[in-house]
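> The structure under discussion is supplied below as structure tokens; questions concerning it will follow.
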Amino acid sequence: MPANVTPRRLADMLDSREKFVLLDTRGEESYESWHVRGAKHFPFDADEELTDDRKADLDAMLDGQRRILTICAKGITSDHFADELADAGYDDVAVVTGGMEAWSQVYDAVPVPTDGDAEIVQVQRRAKGCLGYVVADPATGEAAVVDPTRHTSEFRAVADDHDWDITRVFDTHVHADHVSGGRDLADEVDAPYHLSEAADERDVADEFTPLARNEVVEVGDVQLKAIRVPGHTTEMVNILVNDEAVLTADTLHVGSVGRTELEFGDDEAGKGATMQYESLHRTLLAEPDDVTVLPGHVDVTSEGEFERGDPGEPISSTIGEARTRYELLQLDEDAFVDRLTSGDREKPPNFEEVIAINRGADEASMEEATRLELGPNNCSA
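Sequential numbering from 1294 applies to the sequence shown in the working numbering.
Here's what the structure looks like:
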């Protein structure tokens, strides 16, 4: 009987560059849009048999490698495929349990170097590129969580590992690519849940503690300042941590900026792009050059790789690097708006349903949320 490999174990195998072949049995469209780094496409149906012809194709793909892992959407077809491989004489076969659905729930907790009193941990959702944060004052043990995903246990585990108490929870905006865990986490730890005061204008139904422009919230002796930066959404805030790091969410990514048409729609994307330009050049880039930029997302390519940096390492930049090196930020306003509104970029999967859930207008079970979120984040311009 084939063995099982957890998605976490698969991530560790990839990071340590162990020798194996990962075979993805999903359909071509699903594979092409989103797959694990290095996976090879070998479509296989749940009731299919491994014929001699297909075995010959497989042997050519394996090129002598006998260690095989199989993966599909949920771990069902790949389990059948692994049985077929074992019956055909392949003796080192394992199934990735839970398939791509489970792969989308693999996280890495990555400490971010800081020079001040605050400690920051970047919580990376490997398959989607979502980046959340735990910010703490280690002297008092108080911590805040910023932009948690619905897998709230990952953020609580970071706090538990450091003996921190989560005393505040923030969402920088109404997310479009993933179901937020902000409200749930705040309820779990009995802490205030913060959104921008402008979130009222988006009819957010969940109860929240509003953040005024430039309001400073303290976590121990660490100061978190809410900077209003509309553009990606009208209510967007960035969080400045002790004047040394800024959590830029989908305002500023490493190498790019957040797209602006998900709230405004294609017809009014220019309105959002204009806001984004002003927020970047008149507010965010006015911070000192040495302030660390910690974004809310990193793009994950169709090949399953981070567009910038590597999993397990901090995804970061500085205000100075962004101002002087990012091509988009060298454009004048008209050219910037034109760049953000031209072309036909693929939107995050099911983004309208995800927005409705994050506004509190709809609800979704964990199973339904998993379905809605499958695929890359596509939040960057």
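Backbone N, C-alpha and C define an ideal beta-carbon position, used for all residues, glycine too.
Tell me, which residues are paired with Asp1338 by DSSP?
Looking at the DSSP assignment, Asp1338 forms no beta bridge with any residue, so it has no partner.
> Between which two residues does the alpha helix (DSSP H) containing Asp1492 stretch?
Reading off the sequence, residue 1492 comes out as Ala, not Asp. Element bounds for Ala1492: n/a, residue is neither H nor E.
> Is DSSP giving Val1482 helix, strand or coil here?
helix
> Confirm, please, whether the CB-CB distance from Glu1435 to Thr1265 is below 7 Å.
The question about residue 1265 has no answer here: the residues shown for the chain are numbered 1294 through 1674.
> Where does the unbroken beta strand (DSSP E) through Asn1651 begin, and where does it stop?
Note, Asn1651: premise wrong, no beta strand (DSSP E); alpha helix (DSSP H) at 1644-1651.
> Please determine, among Leu1533, Val1403, Cys1423, Ala1339, the residue with the shortest C-alpha to C-alpha distance to Leu1667.
Cys1423
> Kindly give me the distance between the Cβ atoms of Val1389 and Leu1303, rounded to whole angstroms, as I take these residues to be in contact under 8 Å.
Their Cβ separation, rounded to whole angstroms, is 6 Å, which keeps Val1389 and Leu1303 in contact under 8 Å.
> Run through the segment 1583-1643 for me and flag every whole beta strand (DSSP E) of 3 or more residues, listed as ranges in chain order.
1585-1588
> Is the segment 1540-1548 touching the segment 1573-1584, taking contact as three or more C-beta pairs under 8 Å?
Note that the segment 1540-1548 touches the segment 1573-1584; at least 3 beta-carbon pairs, one per stretch, sit closer than 8 Å.
> Assuming the contact rule is C-beta atoms closer than 8 Å, Ala1538 and Val1530 should be a hit. Round their C-beta distance to whole Å, please.
At roughly 15 Å, the Cβ-Cβ gap does not stay under 8 Å, so Ala1538 and Val1530 are not in contact.
> Using 8 Å as the cut-off, can you tell me whether the segment 1614-1626 makes contact with the segment 1641-1648, which would need three or more C-beta pairs spanning the two stretches below that distance?
No, the segment 1614-1626 does not touch the segment 1641-1648.
> According to the neighbour-count rule (16 or more other Cβ atoms, all chains shown, within 10 Å of its Cβ), is Ser1371 buried or exposed?
buried
> What first and last residue would you give for the alpha helix (DSSP H) that runs through Phe1448?
1445-1455
> Counting contacts by CB-CB distance shorter than 7 Å, is Gly1422 in contact with chain B?
Included in the structure is just one protein chain, with no chain B present.
> Between the beta-carbon of Asp1496 and the beta-carbon of Thr1465, is there less than 7 Å?
no
> In three-state terms, what does DSSP make of Asp1477?
helix
> Tell me whether Glu1394 sits in a helix, a strand or coil according to DSSP, three-state version.
Helix, per DSSP.
> Counting along the chain, where does the alpha helix (DSSP H) carrying Thr1567 start and finish?
1562-1575
> Out of curiosity, what's the CA-to-CA distance linking Leu1355 and Asp1305?
Counting only the Cα atoms, Asp1305 lies some 21 Å from Leu1355.
> Does the beta-carbon of Met1294 have 16 or more other beta-carbons within 10 angstroms, so that it is buried, or is it exposed?
The residue is exposed, with fewer than 16 neighbouring Cβ atoms inside 10 Å.
> CB Val1647 to CB Ala1450, shorter than 7 Å?
no
> Output yes or no for whether 7 Å exceeds the beta carbon distance between Thr1611 and Val1586.
At a Cβ-Cβ threshold of 7 Å, Thr1611 and Val1586 count as neighbours.
> Identify which residue in Glu1481, Gln1415, Pro1523 has its Cα closest to the Cα of Ala1402.
The candidate whose alpha carbon is nearest that of Ala1402 is Gln1415.
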